[in-house]
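Here the structure comes first, spelled out in structure tokens, and everything after it is commentary.
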Amino acid sequence: MILYASTRDASLAVGFSVALMQGLASDGGLFAPATLPQMAPQEFDGLDSLAAVATRLLTPFVGADPLTAALPGLCAEAFNSPAPLQPLDAQGRLFVLELFHGPTAAFKDFGARFLAACFAGLRSAGPRALTILVATSGDTGAAVASAFFERPHVEVAVLFPKGLVSPTQERQLTCWGSNVRSLAVRGTFDDCQRLVKAAFADPELKRRTTLSSANSINLGRLLPQMSYFAAASLAVWRRYGEPASFVVPSGNLGNALACLLARAAGLPIGEVVLAHNANRTVPDYLQTGTWQPRSSIATLASAMDVGDPSNAERLRALYPDFSDLRGALSACSVGDDQIRARIRTDYQRYGQIWCPHTATAAEAYERLPAARRAAHRWVIVSTAHPAKFPEIVAPLIGRAVPVPQSLANLFARAGSCVEIAPDLSALRAAL
Ligand SMILES: *Cc1c(COP(=O)(O)O)cnc(C)c1O
114 MILYASTRDA SLAVGFSVAL MQGLASDGGL FAPATLPQMA PQEFDGLDSL AAVATRLLTP
174 FVGADPLTAA LPGLCAEAFN SPAPLQPLDA QGRLFVLELF HGPTAAFKDF GARFLAACFA
234 GLRSAGPRAL TILVATSGDT GAAVASAFFE RPHVEVAVLF PKGLVSPTQE RQLTCWGSNV
294 RSLAVRGTFD DCQRLVKAAF ADPELKRRTT LSSANSINLG RLLPQMSYFA AASLAVWRRY
354 GEPASFVVPS GNLGNALACL LARAAGLPIG EVVLAHNANR TVPDYLQTGT WQPRSSIATL
414 ASAMDVGDPS NAERLRALYP DFSDLRGALS ACSVGDDQIR ARIRTDYQRY GQIWCPHTAT
474 AAEAYERLPA ARRAAHRWVI VSTAHPAKFP EIVAPLIGRA VPVPQSLANL FARAGSCVEI
534 APDLSALRAA L
């Protein structure tokens, strides 16, 4: 059975449910799988739906756990919207994996909904309401708020950097009410993340509340994200007998890590390319070997504005040897001008409307040497629907972006939020 060990102290190992409820390990490290199952593609034969692939894939990861029996139901709930793999050419060499068909139109819906379903399944654990703290650079807050909205015995506080998310994103973060509170922090995303970490370490809050996290640091969001990489790679494998290579728009590295874990567990995945915006901490690390966290820089792909990605700790736990790590993935950095140009060009070329995050991946793909592009079947991962970013996208393509029904429903709701200073006492008071 798989245990989850702290990235800082391997002796702090717990089971799946405990890792979910704790969020962070007691020494401040992140939980990462101590061992990985090995699954051959044939073990997924006959499994076609995303939920069925997810159930098969996650079974060994959950192991013998209070949630074992519930897993098929949890996966059915979390994976009830599709993740279609759309061809971009006639030869089956380039695809886009659309992860934006959930209720808030970004890939984070999958992980957030899985985690919310797990928490609901484990709720009998205590009489006190659970308080979920989440720091967001954009899409996390909306996905988590939507996943937990009006679930009994759960309070959610969403922290976002005031003025650093788009007006449309802000509406998605502040439109909830009921058990979901939105806190506009006067600071950056890194301040929000630091505040969440400080809250977990705070004795006063520990006494008053049962805190849990729903950030991508929580395994309950990270692990289910393996499922769509698995399903997409299996679809390519079944059709062409070759692995699929992915270009993943990356910020805090949760999605990229899910892809790497799926590959390490035996799924037919070839190259993994991380597309970052101007926040170049990871590309620079792969080049220099020195981990140099920075303050985050505001870019058009704001959900990826992370200067100190916390999941890097898990990345190094997965590949303790730097040359292994460097061989396992590559990364590049894409500036705002190139994001804009890519949205324009690909709209003309494919008729595809990219969100700014997806555009970084499309640009990273274009920059690959021709021989590498020709050697693999590539999948550009599309992490959000462009209608979440109309202020950016519409002027570039010269037309309005069609709004899917899911987002139209959110936009119709009234908003409210509380502004706080970027310090722990302000957060304490707000909770
Ligand atoms: C969160 C987010 C990302 C970055 O994902 P990480 O798991 O943090 O690397 C990319 N695109 C969109 C649209 C996002 O919301």
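Residue numbers (this note's numbering): 114 to 544.
Yeah, the Cβ is synthetic: ideal placement off N, Cα and C, and Gly gets one too.
To the nearest angstrom, how far is it from the Cα of A153 to the Cα of R226?
Against the sequence shown, residue 153 aligns to sequence position 40. Against the sequence shown, residue 226 aligns to sequence position 113. For A153 and R226, the distance between alpha carbons rounds to 27 angstroms.
Straight-line CA distance for Q338 to F220?
Locating residue 338 in the sequence shown gives position 225, where the first residue counts as 1. Locating residue 220 in the sequence shown gives position 107, where the first residue counts as 1. If you take the alpha carbons of Q338 and F220, they lie about 8 angstroms apart.
S538: buried (16+ other C-beta within 10 angstroms of its C-beta) or exposed?
Working through the sequence shown from its first residue, we reach residue 538 at position 425. That one is exposed.
Please go through the same chain and pick out, in chain order, the residues whose beta-carbon is closer than 7 angstroms to the beta-carbon of F502, but skip the five residues on each side of it.
Start at 1 with the first residue of the sequence shown, and residue 502 comes out as number 389. Only S279, T281, C468, P469 meet the Cβ criterion.
Only counting the same chain, and skipping five residues up and downstream in sequence, which positions put a Cβ closer than 8 angstroms to that of A147?
By one-based count along the sequence shown, residue 147 stands at place 34. Same-chain partners within the cutoff: I115, L116, Y117, A118, A123, A126.
With distances taken from CA atoms, which of S295, R299, L272, T412 is nearest R393?
Position 280 of the sequence shown holds residue 393. R393 has its Cα closest to that of T412, out of S295, R299, L272, T412.
Mind checking whether A375 and L387 have CB atoms under 8 angstroms apart?
Here the question's residue 375 lines up with position 262 in the sequence shown. Here the question's residue 387 lines up with position 274 in the sequence shown. Contact: no.
Might you give, ordered along the chain, the residues of its own chain that have their beta carbon closer than 6 angstroms to the beta carbon of F144, omitting 5 neighbours on each side?
What you label residue 144 is simply residue 31 of the sequence shown in a count that begins at 1. Answer for F144: Y117, A132, A138, L332, listed in chain order.
In whole angstroms, give me the CA-to-CA distance for H214 and S295.
Within the sequence shown, numbered from 1, the residue matching residue 214 stands at position 101. Within the sequence shown, numbered from 1, the residue matching residue 295 stands at position 182. Distance between the alpha carbons of H214 and S295: 24 angstroms.
Can you tell me the Cα-Cα spacing of G518 and T458, whole angstroms?
Stepping through the sequence shown from its first residue, residue 518 is reached at position 405. Stepping through the sequence shown from its first residue, residue 458 is reached at position 345. Checking the sequence shown, residue 518 turns out to be Gln, not Gly. The straight-line gap from Cα to Cα measures roughly 27 angstroms.
Going by CA-CA distance only, name the one from A343, G186, A477, A242 that's closest to L160.
As a working note, residue 160 is residue 47 in the sequence shown. Residue A343 is the option with its Cα nearest to L160.
Which same chain residues end up closer than 7 angstroms to A183 when comparing Cβ atoms and leaving out the 5 residues on each side of it in sequence?
By one-based count along the sequence shown, residue 183 stands at place 70. Closer than 7 angstroms at the Cβ level, and outside the excluded window around A183, lie G234.
Based on the DSSP secondary-structure assignment, which residues constitute the bridge partners of F208?
In the sequence shown, residue 208 corresponds to position 95, counting from 1. Per DSSP, P200, V492.
Would you mind listing the beta strand (DSSP E) stretches within the stretch 236 to 276 that are 3+ residues and don't spill past its ends, in chain order?
Listed in chain order, they are 243 to 248, 267 to 274.
To the nearest angstrom, how far is the alpha carbon of L228 from that of D222?
Here the question's residue 228 lines up with position 115 in the sequence shown. Here the question's residue 222 lines up with position 109 in the sequence shown. Rounded to whole angstroms, L228 to D222 spans 10 angstroms at the Cα level.
Nearest CA to the CA of R490: which residue from G528, S346, A425?
Position 377 of the sequence shown, counted from the first residue, corresponds to residue 490. Taking only the C-alpha atoms, the option nearest R490 is S346.
Reducing DSSP to helix, strand and coil, say where Y398 ends up.
Counted from its first residue, the sequence shown places residue 398 at position 285. Residue state, collapsed to three classes: helix.
At a threshold of 7 angstroms, does T496 count as lining ligand 1 (C-beta to nearest heavy atom)?
Start at 1 with the first residue of the sequence shown, and residue 496 comes out as number 383. Result yes, Cβ under 7 angstroms from ligand 1.
For L544, which option in R351, F174, G276, I245 has the closest C-alpha, if you only look at C-alpha atoms?
Indexing the sequence shown from 1 puts residue 544 at position 431. The option with the nearest alpha carbon to L544 is I245.
Write down every uninterrupted run of the alpha helix (DSSP H) in the stretch 328 to 381 whose length is 4 residues or greater and which is fully enclosed by it, in chain order.
The qualifying runs are 332 to 335, 339 to 353, 367 to 377.
With DSSP collapsed to three states, give me the class of V516.
By 1-based counting over the sequence shown, the position of residue 516 is 403. V516 falls in the coil class under three-state DSSP.
Considering only the alpha carbon of each residue, which of A534, R541, L187, L520 lies closest to S340?
Translated into the one-based positions of the sequence shown, residue 340 becomes position 227. Among A534, R541, L187, L520, the Cα nearest to that of S340 is on L187.
Along the chain, where does the alpha helix (DSSP H) containing I510 start, and where does it finish?
Numbered from its first residue, the sequence shown carries residue 510 at position 397. From DSSP, the alpha helix (DSSP H) with I510 extends over 503 to 510.
Excluding sequence positions up to five away, which residues of its chain have a Cβ less than 8 angstroms from the Cβ of D304?
Residue 304 sits at position 191 when you count from the first residue of the sequence shown. Excluding residues within five positions, the ones whose Cβ falls inside 8 angstroms are P274, V298, P535.
Apart from the five residues just before and just after G136, which ones in its own chain have a Cβ nearer than 6 angstroms to its Cβ?
As a first step, residue 136 must be located in the sequence shown, where it is residue number 23. Closer than 6 angstroms at Cβ, skipping near neighbours: S325, S326, N331.
Among the residues of its own chain, which have a CB less than 7 angstroms from the CB of P197, if the five just before and after it don't count?
In the sequence shown, counting from the first residue as 1, residue 197 sits at position 84. Same-chain partners within the cutoff: E211.
Is any heavy atom of ligand 1 found at a distance shorter than 7 angstroms from the C-beta of T217?
Here residue 217 refers to the residue found at position 104 of the sequence shown. Every heavy atom of ligand 1 is 7 angstroms or more from the Cβ of T217, so no.
Counting along the chain, where does the alpha helix (DSSP H) carrying Y117 start and finish?
Numbered from its first residue, the sequence shown carries residue 117 at position 4. Element bounds for Y117: not the alpha helix (DSSP H) but the beta strand (DSSP E), 117 to 119.
Less than 8 angstroms between the CB atoms is what I'm expecting for A444 and Y432, so what's the real figure, rounded?
Within the sequence shown, numbered from 1, the residue matching residue 444 stands at position 331. Within the sequence shown, numbered from 1, the residue matching residue 432 stands at position 319. A444 to Y432, Cβ: 13 angstroms. No contact.
Secondary structure at I533, three-state DSSP: helix, strand or coil?
Locating residue 533 in the sequence shown gives position 420, where the first residue counts as 1. Reduced to three states, the DSSP call for I533 is strand.
Is any non-hydrogen atom of ligand 1 found closer than 7 angstroms to the C-beta of C468, if you look at the structure I gave you?
In the sequence shown, residue 468 corresponds to position 355, counting from 1. Correct: C468 has its Cβ closer than 7 angstroms to ligand 1.
If distances are taken between C-alpha atoms only, which option among L286, H266, L243 comes closest to E525?
The residue given as residue 525 occupies position 412 in the sequence shown. First, the amino acid is wrong: residue 525 is Ala here, not Glu. Residue L286 is the option with its Cα nearest to A525.
Applying the 10 Å Cβ sphere with the 16-neighbour rule, what's the burial state of T301?
The residue you call residue 301 lines up with position 188 of the sequence shown. Classification for T301: buried.
Compare the Cα-Cα distances from A507 to each of R541, A312, E532, Y460 and report the closest residue.
Residue mapping note: residue 507 aligns to position 394 of the sequence shown, counting from 1. If we check each option's Cα against that of A507, Y460 comes out closest.
Taking just the CA atoms, how far does A218 sit from I505?
The sequence position of residue 505 within the sequence shown is 392, counting from 1. The sequence position of residue 218 within the sequence shown is 105, counting from 1. Distance between the alpha carbons of I505 and A218: 16 angstroms.
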